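Report on the following structure.
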Amino acid sequence: MSIGAYILSEYIPAKPLVGNLELCFTGEEHTQIDASAQLRCGEVLKFPFARTDSKPRSVVIKGSKVLVAADKETETKRVVELTLESSFGYQPGDTIGVVPSNNSEIVERLLHRLQLSEQADTTCHLKLSLNCAKKSAKLPAHIPSATSPREILTHCLSLNFVPQKQLLSALSGFTSNEQERGFLACLSSKQATEHYNSLILEKGLVFMEILDLCENCRPPLCFLAEHLPRLLPRPYSIANSPLETGGQVLRIIYSLLNHKPGVTTRMLEELVKQINTQQPANVVIYPRLNNAFRYTEQDLGSNQILIAVGTGLAPFLGFLAHKEKLISQQPQREKGHSWLYIGAKTPEAILKRDQLKAWHKSTVLERLRMCHSRGDSPGYVQEMMAEDSEDLVKFLIKHDTVIYVCADGAKISQSIANGLCLCLQKVLHLTEEEASRQLMELKAHGKYREDVWL
Ligand SMILES: Cc1cc2nc3c(=O)[nH]c(=O)nc-3n(C[C@H](O)[C@H](O)[C@H](O)COP(=O)(O)OP(=O)(O)OC[C@H]3O[C@@H](n4cnc5c(N)ncnc54)[C@H](O)[C@@H]3O)c2cc1C
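According to this note's numbering, the sequence shown is numbered sequentially starting from 851.
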């Protein structure tokens, strides 16, 4: 890509962000480089949606299993199941936060760019600069008081975020190359909004990719520490029942975007390679606050319609495993009916198909509907719902039926909601408006619960 093509003849750069911090080195080697950097920041640093009864901690990844192999032709994502050590109570549908770290090669490259390779592991701390003019300037809470450049870039700062115009404008001041300066300054301007939209918002160029385009741009680390966002934990759904494992371990399932893996999933892929080697395969996790998207012992007597696409099946694997265990432990209890609608790119990409079929044969799953969107006789979940609309709506309006939707994409979630509206329209003879009002009511009364991931 030629950055010169994005420089307009006239533009006014956005007001640049200014730096208010300094980085001070002590000269000692920093030995504590592990995934716990954010854990050393003390109580002031909050972990999003963290439960108060258990702190984030490093746990061992005990095992991994590839559930689906990546396939370029059908754009099928690689899907992996991880077994993690667990020390907290949970129910199927609950989620954990996984604290990510940036890829070591990317960090090494950035250290080199910032001319910090030799001091990468030297102890340092941040402080407000003496001539700091901004009254509200403060030290970032997500960087420990004693740290190192490598630790800051690996564990504390996000490098894959959408850069704002003021940041681009500031970056233009950190390059000695005229074309790069013009590109960054112009991209930050109002006049180049079209370029900003196409490159940053549509093409999705993130901070590191912008730096890669401007190889002479060397922002000081103290500036990055102040203005780059915190590297935030990502949520993952627990995909098993505590009754299966005695609660000592838990399982999560992640999918990997083949052409551009995300920060956490890339880290998990690297850690998987370390299982059963000399290097420990540890990851920092914590339990997140639970909500109504869960299946507990109390739900055994009620009905569920489970609708999932792709890896969105993960929490429902936990729901159904839990139901199976509860049935075998309490055979005398009355049990409700569960239906599952699942869609994936190919039949092979439907997670744990054999297990689903076994549950369908037993009393765990009353109805199992599977479809795939690629290859022979393709279909979508909404189409299966439309085919079943009479039964589906009758089942849904029973007082103890709850519909759970889990999809790895907001668009898919919306299509499923639209599909349900069409079923309501057809069966209950409603107008489009009445059906969407009915859906809102279902949501408000907790009869329609959804988990949208991305
Ligand atoms: C409540 C909740 C539960 C979740 N449970 C799971 C779960 O059980 N399993 C699971 O795999 N994910 C789950 N997610 C999504 C997960 O939290 C991450 O967003 C996802 O794994 C990507 O994280 P990353 O750090 O690798 O990517 P990032 O670095 O955050 O990726 C940047 C961008 O790349 C794209 N991207 C990256 N990876 C993928 C992918 N695999 N598919 C599509 N787009 C992608 C997205 O557009 C994303 O915004 C859940 C999300 C929520 C909100």
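The beta carbon of each residue, even a glycine, is placed where N, CA and C say it ideally should be.
The model shown is predicted, which means the values in this text are computed figures rather than measured ones.
For Gly1032, is the beta carbon positioned less than 7 Å from some heavy atom of ligand 1?
-> no
Use the C-beta contact count for Val1134: other C-beta atoms within 10 angstroms, 16 or more gives buried, fewer gives exposed.
-> buried
Please state whether DSSP places Arg1224 in a helix, a strand or coil.
-> coil
Alpha carbon to alpha carbon, how far is Ile993 from Ile1002? Give it in angstroms, no decimals.
-> 7 Å
Answer with buried or exposed for Val916, where buried requires no fewer than 16 other C-beta atoms within 10 angstroms of its C-beta.
-> exposed
His1279 burial status per 10 Å Cβ neighbour count (16 or more: buried) = exposed
Along the chain, where does the alpha helix (DSSP H) that runs through Glu1198 open and close?
-> No alpha helix (DSSP H) holds Glu1198; DSSP gives it neither H nor E.
Using only the heavy atoms of ligand 1, determine whether one of them is closer than 7 Å to the beta carbon of Pro1303.
-> In the sequence on display, residue 1303 carries Trp and not Pro. Yes, ligand 1 has a heavy atom inside 7 Å of this Cβ.
For Leu873 versus Leu989, is the C-beta distance shorter than 8 Å?
-> no
Within 7 Å: the Cβ of Ala1164 and any heavy atom of ligand 1?
-> yes
So does Val1112 have its beta carbon nearer than 7 Å to some heavy atom of ligand 1?
-> For the sequence presented, residue 1112 should be read as Gly rather than Val. Yes; taking the cut-off as 7 Å, the Cβ of Gly1112 has a heavy atom of ligand 1 nearer than that.
Using the beta-carbon count (16 or more within 10 Å), is His1172 buried or exposed?
-> buried
Would you please verify whether the beta carbon of Ser986 is less than 8 Å from any beta carbon of chain E?
-> No chain E is present in this structure, which holds just one protein chain.
Pro1085 CB to nearest heavy atom of ligand 1 below 7 Å | yes
At a cut-off of 7 Å, is Ile1050 close to ligand 1 when judged by its beta-carbon and the heavy atoms of the ligand?
-> no
Could you name the residues of the same chain whose beta carbon sits closer than 7 Å to that of Ser1286, not counting the 5 residues immediately before and after it, in chain order?
-> Cys1271
Supposed contact pair Asp1250 and Asn1141 - C-beta distance, whole angstroms, cut 8 Å = Not really, about 19 Å apart at Cβ, beyond 8 Å.
Cβ atoms of Gly1269 and Ala1236: under 8 Å apart, would you say?
-> yes
Check each candidate in Leu1081, Thr1196 and Gln1098 and name the one with the smallest Cα separation from Phe897.
-> Leu1081
Just to check, is the beta-carbon of Arg1116 closer than 7 Å to a non-hydrogen atom of ligand 1?
-> yes
Quick one, which of Thr926, Gly877 and Cys1036 has its alpha-carbon nearest Cys974's?
-> Gly877
Consider the C-beta atom of Asp1258 and the heavy atoms of ligand 1; say whether any pair is separated by less than 7 Å.
-> yes
Report yes if the C-beta of Asn1010 is less than 7 Å from at least one heavy atom of ligand 3; otherwise report no.
-> The model on display carries ligand 1 but not ligand 3.
For the region 1208 to 1262, list the alpha helix (DSSP H) runs that are entirely contained and at least 4 residues long, ordered along the chain.
-> 1231 to 1237 and 1239 to 1246
Proximity below 8 Å, CB of Leu934 to CB of Leu1093 = no
Who are the near neighbours of Val1255 in its chain, counting only those whose CB is closer than 7 Å to its CB and skipping five residues on each side?
-> Ile1157, Ser1263, Ile1266 and Glu1300
For Tyr856, which residues does DSSP report across the bridge?
-> Answer by DSSP bridge pairing: none, since Tyr856 is not bridged.
Residues near Arg907 in its chain [Cβ-Cβ closer than 8 Å; skip 5 each side] = Leu889, Ser937, Val1134, Ile1135 and Tyr1136
Which residue or residues does DSSP assign as beta-bridge partners of Asn1153?
-> Thr1251
Have a look at Gln1205 and Tyr1104 and give me their C-alpha separation to the nearest angstrom.
-> 18 Å
Sequence-distant residues of the same chain with beta carbon closer than 8 Å to Leu960, five excluded per side | Leu1003, Leu1009, Met1058 and Leu1061
May I have a chain-ordered list of the alpha helix (DSSP H) segments no shorter than 4 residues that lie completely inside the region 1073 to 1128?
-> 1092 to 1095 and 1113 to 1124
Going by the C-beta, is Thr945 closer than 7 Å to any heavy atom of ligand 1?
-> yes
Proximity below 8 Å, CB of Ile1253 to CB of Lys1211 = no
Buried versus exposed call for Met851 [16 or more other C-beta atoms within 10 Å across all chains shown] = exposed
Is Leu871 helix, strand or coil by DSSP?
-> strand
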